[in-house]
Ligand SMILES: C[S@@+](CC[C@H](N)C(=O)[O-])C[C@H]1O[C@@H](n2cnc3c(N)ncnc32)[C@H](O)[C@@H]1O
């Protein structure tokens with residue numbers, strides 16, 4: 020795993036990074052239920068068909084590694100060293116030479132403009148400290164013909180669900196570094212992406228798939 024040269028993070032980013040380092044050991048256990056019921060099938064459906072040059076943002080413990088096509092050339096980045104160490108273990112087990120891991124902040128990507136055919140995120144933009152900055156960087160490194168594919172949980176349009184998400188947010192953010200009330204769809208639009216697919220996946224409209232182009 021190549022370590023980033025630019026690892027000077029601001030205070031908020033360093034705080035979230037520290038939380039992920041703290042939970043890295045337990046992350047896969049926390050996620051067991053969601054993985055079994057939903058996430059596994061979404062990873063399989065949306066990630067396995069992709070080919071070309073792919074950048075995965077916030078690869079975490081590497082849960083998508085098994086699903087990448089061996090013909091794809093994949094770079095997985097994450098700002099948490101401990102999450103990446105878990106991903107490295109999965110990568111060695113999977114024996115996939117087409118995947119490279121790097122420690123990097125999505126808000127300061129070290130790639131040249133127009134580099135990737137796809138950028139993939141799964142459950143990441145709930146915790147990126149400055150989501151607009153991160154999305155702008157993604158837009159910069161995507162090729163003009165490239166696609167952004169995001170499996171994310173966002174703030175519901177349903178009043179009761181939104182109330183629950185807003186109420187629990189502080190606690191969840193404190194423990195996990197995750198915001199459960201982000202309007203990620205609006206953020207995608209605000210940076211100038213065009214959403215070509217917006218699909219409700221589970222919990223009414225909380226878990227969503229977005230496909231977007233520049
Ligand atoms: C909830 S986990 C999801 C992990 C993985 N994508 C999955 O599907 O299980 C969010 C991940 O995003 C990473 N992350 C959050 N903000 C980031 C940033 N600014 N730059 C890079 N990685 C970030 C965290 O370290 C963490 O590994």
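In the working numbering, the protein residues as written are 20 to 233. Yeah, the Cβ is synthetic: ideal placement off N, Cα and C, and Gly gets one too.
Nonlocal neighbours in the same chain, by C-beta distance under 6 Å from residue i, ignoring five residues either side
i           : result
residue 200 : 174, 184, 185, 188
residue 94  : 74, 119
residue 38  : 196
residue 134 : 160
Coil, strand or helix - residue i by DSSP
i           : result
residue 21  : For residue 21, the predicted structure reports a pLDDT of 46, less than 50, and the residue's modelled location is therefore unreliable. A value from the coordinates is still provided. In this structure, residue 21 counts as strand in the three-state DSSP scheme.
residue 199 : coil
residue 128 : coil
residue 161 : strand
residue 189 : helix
residue 59  : helix
residue 154 : helix
Residues that residue i bridges to, as DSSP identifies them
i           : result
residue 94  : 74, 119
residue 137 : 73, 166
residue 227 : 171, 219
residue 213 : 232
Any non-hydrogen atom of ligand 1 closer than 7 Å to residue i Cβ
i           : result
residue 169 : no
residue 206 : no
residue 39  : yes
residue 73  : no
residue 82  : yes
residue 32  : yes
residue 108 : no
residue 184 : no
residue 148 : yes
residue 129 : no
residue 142 : yes
residue 67  : no
residue 211 : no
residue 97  : yes
Own chain partners of residue i with C-beta closer than 7 Å, once the 5 adjacent residues on each side are dropped
i           : result
residue 25  : Low per-residue confidence applies at residue 25: pLDDT is 48, beneath 50, and the placement is therefore not dependable enough to give any value.
residue 100 : 40, 122
Of the listed residues the options, nearest to residue i (C-alpha basis)
i           : options            : result
residue 109 : 88, 66, 83         : 83
residue 58  : 86, 151, 230       : 86
residue 165 : 72, 193, 55, 32    : 72
residue 65  : 145, 210, 88       : 88
residue 229 : 171, 125, 148, 192 : 171
residue 78  : 70, 142, 54        : 142
Close-in-space but distant-in-sequence residues of the same chain around residue i (CB under 8 Å, 5 per side omitted)
i          : result
residue 43 : 80, 99, 101, 102, 104, 105
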